[in-house]
Amino acid sequence: MLNHVMVGSNDIERSKAFYSAVLGGVLGAPEPLVNMSASGHVRLFYRHDGSTFCVSQPIDDAPATCGNGATVGFKCDSLAQVQAFHDAAVAAGGTSIEDPPGPRGGGMGTMHLAYVRDPDGNKLCAIHR
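Okay, here's the thing in structure tokens:
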């Protein structure tokens, strides 16, 4: 259903270090394809397992901001990978938010979740069902 998800960044090199540690180091995504748009803005494309996650300097030159209520969820293969995602994100400059990593219920069956914010404030979720 989805082709890609894109978030904005005010510091593309900081974002590259963060996402390479989290998506590459934990989920196995290769180094991003670095693209310069026709407008001269840099974008990072992490392609892995049929999905694409993008980080971009805002094309309108306004500051990048996180979406209030928006979350990008990354599917993990195990409970250990959820914890590793969380730990790698925090070590790479992210912030742990909400409850500590662990099981959640809520009528959708038991899931294991970890929530973090990237250095630009974008909310990320690691999830294993």
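Quick note, our numbering runs 1231 ahead of the 1-based positions in the sequence shown. For each residue, glycine too, the CB sits at the ideal point set by N, CA and C.
I'd like the span of the beta strand (DSSP E) that includes A1357, first residue to last.
Start and end: K1354 to H1359.
Using beta-carbon positions only, say whether P1201 and F1249 come within less than 9 Å of one another.
No answer is possible for residue 1201: it lies beyond the span of the chain, which begins at 1232 and ends at 1360.
Which stretch, first to last residue, makes up the alpha helix (DSSP H) that contains E1244?
I1243 to Y1250
Would you mind listing the alpha helix (DSSP H) stretches within the region 1272-1342 that are 4+ residues and don't spill past its ends, in chain order?
1310-1322
Could you check how far apart the C-beta atoms of V1303 and A1345 are, in whole angstroms? I think they sit under 8 Å.
The pair is not a contact, with the Cβ atoms about 13 Å apart (cut-off 8 Å).
Using three-state DSSP, classify L1254 as helix, strand or coil.
DSSP places L1254 in helix when its eight states are reduced to three.
Assuming L1233 is part of the beta strand (DSSP E), what are its boundary residues?
Neither: L1233 is in no beta strand (DSSP E) and is coded neither H nor E.
List the residues that DSSP assigns as beta-bridge partners of G1259.
Looking at the DSSP assignment, G1259 forms no beta bridge with any residue, so it has no partner.
Can you tell me which of the three DSSP states A1269 falls into?
coil
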